[in-house]
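Chains as they are written, first to last, in UniProt numbering: chain A, 1 to 629; chain B, 1 to 629.
Where is the CB? At the ideal position from N, CA and C, for every residue including glycine.
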């Protein structure tokens, strides 16, 4: 017989007692368990948990060092053009993107818990933050970074990480697809060399169409070249995967592929530089405003003065509005999603909130834009063989050096090549296979996807995210109001009864529904039938529901004539929930089928639903006296 | 064997097939079912459902008529002093209370679905509405009535009645206890003859203490007399219940008891009138501003002009604020609670919203304050033997006559006697036995009770209600994030496996928790153990959760060495949910225990967890080839 599962303390339960692994000589779990060291003291475990650098640093070795160095340099070269592009997307001068690309990794090196997350500016965060900073003094951006860091840390301290569990996968996917659509749309105008700024996708598209005649062919040519280059070089990755014989060729292909962003920027930049040696002006737009200097470490200012007006801290807060909550949520979402892809598969969301919060607070002190992990960098860190977060150190140094010495050269990078980088990196986020699958398999999930996508695209990603979370939460609440309850007539030894099997725990929103379903079924039988509620699936019950069950027995009593009040049998109810239910005269608990049968026979006798022969047999069986009318 | 419950169409299932009721000659359900008439056409059923007067009117007879007449007159005499008291509590002249006490019952007579609900002003609604109308022109009150009627109807049309299911019983009880505390506190100052108006219980109590020296002994004496009288006459009800022999005495006691409110008002009024014949002024306060006239039927004005300023409709809306949503909710709550006490026990909340909405809209046209059913009137309608809503007609006529002809006499009623009526009727709502019981039996429900009570008393009943609904909803959501999942090591024929039994449906908020629990258990066994997820309790699964289960199998693969990837068996998963889960190489579905055993043996063989003898035996059993190393 398949053993019945009984509640047991988990700690006790998960202790492995592998009985059968005694015979053949393979290494058994028991063996490997014996190797485990004694548990560390509490403070040490807390330190290891909160400052993960101590977990891997003691075991750090040269081999890891070399791998991390190569990965760090590769990532550094990738993150530089990406940061520049994100800064432009966020409407900021390029240096502020680079600032957040050097401080984030250095903090994450120490506190980061997910190996392959590389903190830095992302197009998603840039897209959201531009709405709160556009047309405002640049200090708004740093304050937004600072305040979202503070919100991150507050959420982490209050252990609010669990709210991220209320974002379902279709919502996350719709959200990232919508972001990709919005960013790609915003970059198309850069590719075309058209400049305007209007809010909303529809406005922007109609503006683009109306201004299409102003398109600059040189920008477009540069953009198309860059996109083609990126896509072609991206294909080398496949070559690397298929190439088994020539190791040098494989490594070469892989490095070309992972550093394609850097290559296109280099090629386009050098081309522009050479052209400018011969001509005064270029036909396409270059990125500008890059000054070469290391960032200063200063606290962000909390009162902003402009020639026109002075913003007090509260005014700034009011202008930044929901931004200071949306940016942290959007940022952390990516980190959690990446964390779930790693072998460990588990993310301590509260710790992650704390770490990203620190990255943003320190970021604000070096004039950085808000930052988080990014899928594009996760892919590159995997491909470039990153071992530990130590790679962040080399990456940070590369970015810092670029910031200090290379900045003037960034002025030679064509904007269209940066737009091409963004478009190519976001193209992978566009996932339209999922909604097709959802449509086939789960209409409700498809509905959530569609709602989130449409609202994100039309009214902004933060509105879409909020609406979708509320709608999915409402559905979960509704499941408590209308749980699965099977109500049917059953027979046991020819004695009929109404069998009621609630699927979930019964909490207060469901009790009226249960009551109505039972009463409706009873009405059909004129309340002359026993009701058996089978509680073996019930995991929880609250006071309101318990009272409702007692009241149900009273209802059965009141509705039937005094002589034959219907009995309510509560069968297999969890023992710890039984005391909540008030006993009434026609309510009984049963834990065995035999007992149910006894009660049913008794009721049948009392109400005369049984013929005389049955009557006598049943009465003798149960030891009752026989009263023949 | 107790038969396994299988899903079946409910309509089909609830059709009664009583097989055994063939023997003895008692009336069987089948017999009474045969008497039922053929189902009415659709339009007729809709009419009967939406206009319940047609349900009982055709069968109306003289006996019912007499009972209803007596009950109607008794209720009319009770509702008059109560309405006056409520109008004073709401800070309105008395006639506006009476206006809503005559129009409500007349509408409810036609559309009302709960027999014993008597619509009229209630202290609860008065207490809430006074916050939105105090210190404002009187037209605000009528507009509040009108707009809450509109909101009622909108909520009913959108079938939003189910939101009332999210108010748990501890919350309702705490809410009504808090209301009672607030009203009693507000009436104590009337008993003492002190006049002030401050918001909040704490302010009010400290003001009362600081002004206690101004107390008027004559008011206090009148109040104490009225309370004592009401309590004493109330005791006659018990006498009536115990008196079995003398029918006349029983009836007399019951009528004295049910009309005690009228009696005290009559006694106190006549006393005041006689006193005023001899003296110029009375030492205690009388109610005032009663003018004798029938109400006009006019639409409420939507622009209010006062000597100081003019309020546009939007300004009024802004001033009334949440009031136009809170008043309908608070009003309907009482009706639903009463409905659950009636024999039918079922309330069509949407229909009730519609009916109360009509009462309020028409009420606003005759200058009435917001109205709803009240527990005090339910008790009296039960005691006075009401049969059908026809009693509402007599009640309405009595109130209308009082409004037209008796109003000048209301000026002789002492305010203290009205305060006494409110205090005595609300005293029964104070239920402090419930929190004691909750504390013993369900700490969480006690917490909800306490939260609701404290917030209601300190920050207002509408804030308390809202906060409590949100907190209880958050708990329900949390139950989806942390469902009951039993994880333990089990053995089947000496082959061990990790048994995972999720208690509820697994939806997206729970999937990470499930994954973490399983991975944690697997880590202890170095991922060399088969995992069996027993899904027999699972009622639902969404796409995110299904993907998570697939991912779990990949996790098991990735974490164990390539040679021995742990198997994930999904046992007894509902068939209609299986297609959602992506199949991976180490994920299998099983519906029988034998199949599970086969998989376990196979795994044991493959991973060498079984000794040689077992190995051979098992292999022969299952027909596998034996490969001895």
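Strand pairing of residue i, partner residues [DSSP]
i              : result
residue 496(A) : 491(A)
residue 305(A) : 310(A)
residue 568(B) : 531(B), 587(B)
residue 372(B) : 120(B)
residue 506(B) : 541(B)
residue 485(B) : 502(B)
residue 137(A) : Looking at the DSSP assignment, residue 137(A) forms no beta bridge with any residue, so it has no partner.
residue 286(A) : 414(A)
Buried/exposed call for residue i, threshold 16 Cβ in 10 Å
i              : result
residue 115(B) : buried
residue 284(B) : buried
residue 351(A) : buried
residue 43(A)  : exposed
residue 405(A) : exposed
residue 96(B)  : buried
residue 415(B) : buried
residue 138(B) : exposed
residue 495(A) : buried
residue 203(A) : exposed
is_contact[residue i, chain B] using C-beta, thresh 8 Å
i              : result
residue 215(A) : no
residue 481(A) : yes
residue 170(A) : yes
residue 353(A) : no
residue 3(A)   : Caution applies to residue 3(A), whose pLDDT of 38 falls short of 50 and renders its modelled position unreliable; the model cannot decide the point.
residue 273(A) : no
residue 539(A) : yes
residue 166(A) : yes
residue 547(A) : yes
residue 473(A) : yes
residue 570(A) : no
residue 585(A) : no
residue 196(A) : no
residue 543(A) : yes
residue 247(A) : no
Cutoff 8 Å: residue i Cβ touching any chain A Cβ
i              : result
residue 602(B) : no
residue 507(B) : yes
residue 497(B) : no
residue 579(B) : yes
residue 503(B) : yes
residue 445(B) : yes
residue 634(B) : Chain B is shown from 1 up to 629; residue 634(B) falls before or after that span and cannot be answered.
residue 647(B) : Outside the shown range of chain B (1 to 629) lies residue 647(B), about which nothing can therefore be said.
residue 442(B) : yes
residue 346(B) : yes
Next item on the list: Spell out a yes or no on whether the region 241 to 252 of chain B and the region 392 to 400 of chain B are touching, meaning 3 or more CB-CB pairs, one atom from each, closer than 8 Å.
Entry: Pairwise C-beta distances place the region 241 to 252 of chain B out of contact with the region 392 to 400 of chain B, as fewer than three of them are shorter than 8 Å.
Checklist line | Residues of the region 134 to 162 of chain A whose Cβ lies closer than 7 Å to any Cβ of chain C, in chain order | finding: Within the model displayed, chain C is absent; protein chains A and B are what it includes.
Next item on the list: Give, in chain order, every unbroken run of the alpha helix (DSSP H) that is at least 4 residues long and sits entirely within the region 148 to 191 of chain A.
Entry: Entirely contained in the region 148 to 191 of chain A, the alpha helix (DSSP H) runs reaching 4 residues are, in chain order, 169 to 191.
Next item on the list: Give a yes or no on contact between the region 324 to 338 of chain B and the region 60 to 67 of chain B, applying the rule of three or more CB pairs nearer than 8 Å.
Entry: no
Next item on the list: Check whether the region 319 to 327 of chain A touches the region 79 to 92 of chain A, counting contact only when three or more Cβ pairs, one atom from each stretch, lie closer than 8 Å.
Entry: no
Next item on the list: Answer yes if the region 352 to 361 of chain B comes into contact with the region 147 to 167 of chain B, meaning at least three C-beta pairs across the two stretches below 8 Å, and no otherwise.
Entry: yes
Checklist line | the region 418 to 427 of chain B in contact with the region 216 to 233 of chain B per 3-pair CB rule at 8 Å | finding: Contact between the region 418 to 427 of chain B and the region 216 to 233 of chain B is present, because at least three Cβ pairs lie under 8 Å.
Check: Counting Cβ pairs, one atom from each stretch, are 3 or more of them under 8 Å apart for the region 355 to 374 of chain B and the region 164 to 173 of chain B?
Finding: no
Item checked: Given 8 Å, three or more beta-carbon pairs between the region 229 to 243 of chain A and the region 433 to 449 of chain A -> no
Check: Pairing CB atoms from the region 444 to 457 of chain B with CB atoms from the region 465 to 479 of chain B, are three or more of them under 8 Å?
Finding: By the Cβ rule, the region 444 to 457 of chain B counts as touching the region 465 to 479 of chain B, because three or more pairs are nearer than 8 Å.
Checklist line | Whole beta strand (DSSP E) elements within the region 40 to 73 of chain A, 3-residue minimum | finding: none
Notebook entry, point to check: Taking three-plus beta-carbon pairs below 8 Å as touching, is the region 594 to 607 of chain A in contact with the region 488 to 503 of chain A?
Noted result: Between the region 594 to 607 of chain A and the region 488 to 503 of chain A, the count of Cβ pairs shorter than 8 Å is three or higher; the stretches touch.
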